[in-house]
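Here's the structure we're looking at; comments come further down.
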Amino acid sequence: MLNDDSTHHWRHLARALNIPPEKCKIFEPAEDNNSPTKLLFKSIEKCEPDLTFEELVLALVAMKRQDVLDVLQKYFSSDDIDQILEENNLLTPAEDPLVDQKEI
1 MLNDDSTHHW RHLARALNIP PEKCKIFEPA EDNNSPTKLL FKSIEKCEPD
51 LTFEELVLAL VAMKRQDVLD VLQKYFSSDD IDQILEENNL LTPAEDPLVD
101 QKEI
C-alpha cells in the first residue's frame, strides 16, 4: 500500500503530515524488514498523539491515495470519511449520497 514504489508512498505521507526528514530516517526498512508504514504510524502514535483522523484523511487526499482511503473505509465508517471530505469541499456531487437519494 504505502510501501510500494509508486509516486506517493510513506515518505510523501510523512512530508504531508509535517514530520521532519531527519525523523523519517527511522522509518527506513532495516534488516528485519519492518514495514515503513507501520513504523510511521507507530511513531505518529507516540510523537504526534494529537494528530486527527481528519488530518490523515486530508493528507491522503492531497497525495491522491484513494487506494489507502479505500482500505481505511474497511476499518472506519465511510460516513466519517465522507463527512470529512464534504466539510472540506472535497466530495463531488456524484459521490454525495444525498444527491443519489434525491434522484430515486
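FYI, in UniProt numbering the residues of the sequence shown are 1 to 104.
From the three backbone atoms N, C-alpha and C, an ideal C-beta is built for every residue, glycine too.
Residue environment, residue i, which counts as buried when at least 16 other CB atoms sit within 10 Å
{"i": "A59", "result": "buried"}
{"i": "P21", "result": "exposed"}
{"i": "I84", "result": "buried"}
{"i": "P49", "result": "exposed"}
{"i": "A14", "result": "buried"}
Residue i: first and last residue of the uninterrupted alpha helix (DSSP H) it sits in
{"i": "H12", "result": "W10 to A16"}
{"i": "E48", "result": "Per DSSP, E48 belongs to no alpha helix (DSSP H) and is neither H nor E."}
{"i": "F76", "result": "Premise fails: F76 is in no alpha helix (DSSP H) and is neither H nor E."}
Reference residue i; option with closest CA among the options
{"i": "T52", "options": "H12, D80 and K64", "result": "D80"}
CA-to-CA distance, residue j to residue i, given in whole angstroms
{"i": "E87", "j": "K42", "result": "28 Å"}
{"i": "N18", "j": "S78", "result": "26 Å"}
{"i": "P36", "j": "H9", "result": "10 Å"}
{"i": "M63", "j": "K46", "result": "23 Å"}
{"i": "F76", "j": "L69", "result": "10 Å"}
Same chain, Cβ closer than 7 Å to residue i, neighbours up to 5 away in sequence not counted
{"i": "L90", "result": "V61"}
Chain-order list of residues whose beta-carbon lies under 6 Å from that of residue i (same chain, five-residue window excluded)
{"i": "C24", "result": "A14"}
Contact set for residue i: own chain, Cβ-Cβ below 8 Å, skip 5 residues either direction
{"i": "E55", "result": "L17"}
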